Amino acid sequence: MARIPAASRIKAIADLLEAEDGVSIAAMAERYSVSMETIRRDLASLEKNGLLTRVHGGAIPTARAAPISMRVNSLSNQKASIGELAAKLVGRDGWIFMTHGSTTLSVAKALDEGSPMSVMTNMPAIAEALHGGVKHRVTLTGGEYDYADGALTGQQVLDAISECVFDTVIIAAYGIHPVHGLVESGKYLQYMKRLLFQRSHRRIVVADHSKFGAPGSYISAPLSEIGTIVTDEPPPPVFDEAFNEAGVRVIYPATVKD
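If you use our numbering, the sequence shown corresponds to residues 170 to 427, in order.
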């Protein structure tokens, strides 16, 4: 493709992001016949205007901040795959906590196919997906309802978690950094997830591929505490050594035999 003016190229990248789930720096450099450094500057400009989030090797839409009603439709097939894999790791007789999120909702849908289990969550939609009170024993934390996130929030959530010791917690990732570990958008989620790590024997982090390298302002857990990550495709190579050193187990469809 012949070169186009910078302004037109930046608009084209923004339009492409609206239609797809992410862009690659290398692919965009080839597409527009410019250097990778030029594409990095374009992405930095778009990120400054809140139109995307830069990740390792490319960029993703700002969907992480979108309402839950939009997030459930993003990468839905990939999240369903993650849900099925994560559900196979969950002990049926245990006491489980599931955080709010579009990917944990997919886990709940997969878990509903199994035998009865006990779950606490701060997401009413998870209770509904598990047919709480009919098939599974589901406890809602209580708290103020955040419509955009579809989640219960506030001190009541933290108090409910503090009173328990969970066999397994299933945690939706905001971002995963190769050095810092699990990162969050705000202090409340940082504290909530730190508390879950303290109140659990086993942790399963569920994250689609866009979360690897996605930035966050606060660290909720180092890699050494994560345990298992269930995702939809192999993480970028930059994570390989970090995960090996930290003992992080990564599961995605290609790692599972039929």
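Think of the CB as a built atom: it goes at the ideal place given N, C-alpha and C, for glycine as much as any other residue. Remember, predicted model here, so these are calculated numbers, not experimental data.
Query                                                                                                   : Result
Selected residue, minimal CA-CA separation from Arg210, among Arg178, Pro236 and Asp184                 : Arg178
Ile295 Cβ short of 6 Å to the ligand NAP heavy atom set                                                 : For the structure depicted, the ligand NAP is absent and the ligand set is empty, with no information on it obtainable.
Environment of Asp401 [buried if 16+ CB atoms lie within 10 Å]                                          : buried
For Ser284, the nearest candidate out of Tyr360, Val259, Ala317 and His349 (CA to CA)                   : Val259
Rounded straight-line distance, which links the Cα of Val375 to that of Ala342                          : 6 Å
Neighbourhood of Met197 by C-beta, 7 Å cutoff - its chain only, sequence neighbours within 5 removed    : Ile182 and Ile208
Collapsed DSSP secondary structure at Val399 in the structure displayed                                 : strand
Validate contact between the region 344-353 and the region 386-406 using beta carbons, cut 8 Å, 3 pairs : yes
Three-pair Cβ contact test at 8 Å for the region 301-318 versus the region 251-265                      : no
Validate contact between the region 355-362 and the region 375-384 using beta carbons, cut 8 Å, 3 pairs : no
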